[in-house]
Structures are given as C-alpha cells and as structure tokens.
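Chains as they are written, first to last, in the numbering used here: chain A, 604 to 807; chain B, 58 to 132. First the structure, in the form of structure tokens, and then the observations on it.
As structure tokens, then:
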C-alpha cells in the first residue's frame, strides 16, 4: 500500500499545483470516496458527486492547512457535494436514522453465562496490511461492504475509513449518537465475523 | 463484572476513545484473565486498521478520467 500522503514533501508538491502529485492523490483516494458517496446518493450519481468534489478539492488545495488528514478533508468535500446534489434533486432524507433489524451478528457466539461459546479464530494475518494481501478475502470484504444497509455503510466509511470524529459523523449524517453506535457496531461485527469465517474455512 | 459478551462493545468504545478511566481498568482486568477476548481485541484492531485501505487504488483509466474532466473544467 503506497501512500506517500500527508508527508510534508508530498503536501508541498500538492499545494504548489504539481499535477503528478495530484494524480497520485486521486489514485490513492478515488475509490474510497466513491464508496462514501454511494450509500448517500446512490450508484448512478456517486461518480458525478466525486468528480465535482475533485474539482473543488483541486481548487482548494492551496489553502489546505494540514490540520486534518487529507482523506478526512476530501471526504468532507464529498459529503458537501452529496448534500448539494440531494438538495437539487429535492430529496430531503439524507439517510435513515433507524436501528438495525435482527440480532447482533456476534450474539450467537456467546453462551448463556456470557462466555464465548464460539471464540474468535486465530487469524493468520498479523497486521492490517497482511489482512488485505489475500485477494480473495479483500474481495469478500468489499462484497460485504456493498451489501450493508446504506446508513451502516456511510458510518463505517466516514468513521473507520476516512477517520472523521464520531460526533462530526453523526451530525453530517443526521443520525443520533446512540443509533450511530449500534449501527457502527453492527457493521464492524459483520466484517469481523466475515474475516473470522474466512480464516476458518477459506471462504466468504 | 464484565462478561465476554460485553467485550465487543467495550473494545470498540476503547478504540474510539470513549471509555472512562474506570471502564478502561475493568476492561483491562477482564483482558488480563481472558485470552479469547485479548485475541478479539487484537484482531478487531487489525481489522479496523485495514478498513481505510479496503477499497484499494484507482486504476490509471479512472485517474485519467478524473484529470480529463478537471482539465476541461479549468479551460
């Protein structure tokens, strides 16, 4: 995973308008930004929202102060563009502020006295990077992400992928903190259960 | 006493920096005694560390498309 970003030299290049550095920025973050826009505006509008966000980001980079990570900064621009797109389309609802249905994905792993009945498998990966080096597992994770309810997906993207503060994420998405906690836990537990299952069986 | 069943939620709150000192101590005490929960927390950390990279890099075609539109826009 080559990510020379937020490195002082790279940032200086970006702020000076270096086009090659900007291309590297697009390469590193474009897919993650698309994944953020999709649950909010839908598949067909996501590309347009992210394209407009890149145009805005390109114009605003020279004023970027480096207080936030570039990825967080970019994701805020995407959310603003998504909001404007929805306003133009007269869609009032941003995302559902609803509790997820059904049981916690990890609930059946515990027995009645509160201990693990089916404890986590011992994962082969020993770092975040090595988790994703197995292509099949990386594909399984992406497929699962795509199948999560939009509000869970948007929360996971903003909080865990883009690194925005929890309170800001709740405000942005118009989801109450108590619901956001449950939704985020659901999404993370689903991902955990998937990796766990993959480690045991070699399948999604 | 914290039960294993409580650990997934507590572990997330820990990683999100939302636990008080007392809650952190209670979790640490449970983890000291429980290998399964230690493994859970270690692997959750790994998983959440991988999430920012899960989408991978854009292809050269995708990058070109973005840059072309950017170029059209500024001329």
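Where is the CB? At the ideal position from N, CA and C, for every residue including glycine.
Counting along the chain, residue 89 of chain B sits inside the alpha helix (DSSP H) bounded by residues 78-90. Residues of the stretch 665-695 of chain A with a Cβ closer than 8 Å to any Cβ of chain B, in chain order: 674. The C-alpha of residue 699 of chain A lies about 15 Å from the C-alpha of residue 790 of chain A. In the structure shown, residue 719 of chain A adopts extended strand secondary structure according to DSSP, grouped into three states. With fewer than three CB-CB distances shorter than 8 Å, the stretch 687-694 of chain A does not count as touching the stretch 767-781 of chain A. Straight through space, the alpha carbons of residue 661 of chain A and residue 61 of chain B are spaced by roughly 48 Å. B:107 is the residue among B:126, B:107 and B:81 whose C-alpha sits nearest the C-alpha of residue 765 of chain A. At a cut-off of 8 Å, the C-beta of residue 80 of chain B has no neighbouring C-beta in chain A. In the assembly as shown, residue 64 of chain B is a buried residue. Its beta-carbon has 16 or more other beta-carbons within 10 Å. The closest CA to that of residue 770 of chain A, considering only B:58, B:74 and B:132, is found on B:74. Taking each of A:793, A:694 and A:629 in turn and checking the Cα distance to residue 751 of chain A, the smallest one comes out for A:793.
Residue 668 of chain A and residue 645 of chain A have their C-alpha atoms roughly 31 Å apart. Boundaries of the alpha helix (DSSP H) around residue 633 of chain A: 622-644.
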